[in-house]
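Asker: Sharing a structure with you now.
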Amino acid sequence: GDFGILFLLFSEGLEVTTPRLRKLSNYLPLGFAQISLTTGVITAAILLGAPQFLDKLLPLDEGFIDIRNPTEAVVLALAGTLSTSAFIF
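Numbering (our numbering), first residue to last: 178 to 266.
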């Protein structure tokens, strides 16, 4: 299944022309806005609500991942953002 998707994306990439690519670049700011806003919302959810909620359901090893650390929260949010973007598209 994964190779089928890979080949489909490859074949679509071969058919993209330069004018079409320039036309699609007009939508780049919208993509950046989606990634930024979704990352911000997920980061805020992780930092504000997740520590109390997750400690009750899933004890996390703070040596492995500390969700109270803003840097690690942003990394987790970016991973979640990219996975939701791929799921939507």
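Glycine included, C-beta positions come from ideal geometry on N, C-alpha and C.
Relative to the C-alpha of Arg245, which candidate in Ala256, Phe230, Leu259 and Phe187 has its C-alpha closest?
Answerer: The residue with the shortest Cα to Cα distance from Arg245 is Phe230.
Asker: Please state if the CB of Leu224 and the CB of Ala256 are separated by a distance shorter than 7 Å.
Answerer: Contact flag unset, no.
Asker: First and last residue of the alpha helix (DSSP H) that includes Ser202?
Answerer: Ser202 -> no alpha helix (DSSP H), and no H or E assigned at all.
Asker: Ends of the alpha helix (DSSP H) at Phe184?
Answerer: Looking at the DSSP string, the run of the alpha helix (DSSP H) that includes Phe184 is Asp179 to Glu192.
Asker: Give the DSSP-derived three-state secondary structure of Phe209 in the structure shown.
Answerer: Helix, per DSSP.
Asker: Beta-carbon separation of Thr248 and Ile212 under 7 Å?
Answerer: No, the Cβ-Cβ distance between Thr248 and Ile212 is not below 7 Å.
Asker: Exposed or buried, which one is Thr194 when buried takes at least 16 other CB atoms within 10 Å?
Answerer: Thr194 comes out exposed.
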